[in-house]
Amino acid sequence: MHAGQLSVSPETVRELVDDQFPRWRSLAIQAVDSAGTVNVIFRIGGRLAARFALKPGDAGLMRRLLESEAAAARELAGRTRFATPEPVALGEPGAGYPLPWLVQTWLPGVVATDEDPGESAAFAHDLAEFICGVRSIDTRGRTFRGHGRGGDLRSHDAWMQTCFTRSRQLLDVGRLRRMWEVMRGLPRSAGGDVMSHGDLIPGNVLVRGGRLAGILDVGGLGPADPALDLVAAWHLLEAGPRQVFRDDLRCDDLEWERGKAWAFEQAAGAIWYYIDSNPAMHRMGRRTLERIQADPSPARAW
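In this text, residue positions in the sequence shown follow our numbering: the first is 6, and each later residue adds one.
Structure (structure tokens):
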């Protein structure tokens, strides 16, 4: 999926685990089939999972990133009734793998990519409850860190131009440009940043029996635009449950449209970037964009 992508085999993981965590030598190592774009995942026995970054990088920087992600996971643990992974250990480079790696608890459930909860109003209630729980965490004076999604929509103009250029053979780019021109101008609400998960896409959401079972990839927890986690409405829900979700969160038109804009930005990139390398992410992008285009907008500008 990425230039210079790192390769991690079960044999490599076995060697790393045996050398660095000998207490787990008796536990089986199993690769996890995942549509993830940042890490490859291996189970260690029945209760643990190891995450290995796919993109090459500086080992020191990766260690600091993993330590930050572990701190975020600890901050979220137990703050909602929904399960989230908890950090267990930090592994070091070795066996031909050049970066630190993270061991965390394994969560049961099926990702929403494989078990679609989009028509479930009960799931929509659960999802809104999770977001409310995350928002209730004190920011302790922290504000958006200034990169990625969650700040000023207009800061993504260059990326969106790349997406439009790369999507000429895939999408109605003229219409998408008109949509973005309206979205990028949506102002922030008067309130400040709130704590957000930051990436509520189907691959990070666990489902069981049409209900929310857990949330993955919690290392990005941090302060951001209150509308950011509303991307879940477009990535995960059909029209009826989406309205249930909105009602639970009491979103006004501006916040709702900004959430739609963040989902639009994410979907537009997923469609072309993962067209060959990650079919699940490509399909998510298309489905999200279809939902957004089918939804009536208060601005009615496109």
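Here a beta-carbon is modelled for each residue, glycine too, at the ideal position from N, C-alpha and C.
A quick note: this is a predicted structure, and the numbers were derived from the prediction, not measured.
So the beta strand (DSSP E) residue i belongs to, where does it begin and stop?
| i | result |
| --- | --- |
| Val-108 | 106-110 |
| Gln-35 | 34-36 |
| Gly-96 | 92-96 |
| Gly-219 | 216-220 |
What does the alpha-carbon distance come out to for the pair residue i and residue j?
| i | j | result |
| --- | --- | --- |
| Val-18 | Ile-34 | 7 Å |
| Leu-175 | His-161 | 21 Å |
| Trp-239 | Gln-248 | 11 Å |
| Arg-292 | Ile-136 | 22 Å |
| Met-165 | Pro-27 | 47 Å |
| Val-139 | Arg-30 | 36 Å |
| Arg-69 | Ala-94 | 14 Å |
| Gly-99 | Pro-90 | 24 Å |
| Glu-134 | Leu-71 | 27 Å |
| Arg-183 | Glu-243 | 24 Å |
| Glu-295 | Met-286 | 14 Å |
| Gly-155 | Leu-233 | 6 Å |
| Ala-58 | Ile-46 | 9 Å |
| Trp-307 | Gly-51 | Because Trp-307 carries a pLDDT of 48, less than 50, the predicted location of this residue cannot be relied on, and the following value inherits that uncertainty. Their Cα atoms are separated by approximately 50 Å. |
In the DSSP assignment, what are the bridge partners of residue i?
| i | result |
| --- | --- |
| Val-116 | Leu-211 |
| Leu-241 | DSSP output for Leu-241 lists no bridge partner at all. |
| Ala-5 | In the structure as shown, the chain begins at 6 and stops at 307. Residue 5 is therefore absent and cannot be evaluated. |
| Ala-229 | Val-199 |
Going by DSSP, what residue range makes up the alpha helix (DSSP H) through residue i?
| i | result |
| --- | --- |
| Phe-3 | In the structure displayed, the chain extends from 6 to 307; residue 3 sits before or after that span and is not available. |
| Phe-47 | From DSSP, Phe-47 is part of no alpha helix (DSSP H) but of the beta strand (DSSP E) over 44-49. |
| Arg-187 | Inspection of the sequence shows that residue 187 is occupied by Val rather than by Arg. Unbroken alpha helix (DSSP H) run through Val-187: 178-188. |
| Ala-88 | No alpha helix (DSSP H) contains Ala-88, which DSSP labels as neither H nor E. |
| Val-22 | 15-25 |
| Arg-140 | 126-140 |
| Pro-122 | Careful: Pro-122 lies outside any alpha helix (DSSP H) and carries neither H nor E. |
| Pro-103 | No alpha helix (DSSP H) holds Pro-103; DSSP gives it neither H nor E. |
Assuming residue i and residue j are in contact, meaning their beta carbons sit under 8 Å apart, how far apart are those beta carbons, in whole angstroms?
| i | j | result |
| --- | --- | --- |
| Leu-107 | Ala-76 | About 12 Å; that fails the 8 Å criterion. |
| Val-115 | Leu-211 | 7 Å |
| Ala-117 | Pro-246 | Wrong, their Cβ atoms sit about 12 Å apart, outside the cutoff. |
| Leu-4 | Met-200 | Shown here, the chain extends from 6 to 307; a query on residue 4 therefore has no answer. |
| Leu-181 | Ala-299 | Actually they do not touch by this definition, with Cβ atoms about 14 Å apart. |
| Arg-86 | Ile-142 | Contact flag wrong, Cβ pair sits at about 14 Å. |
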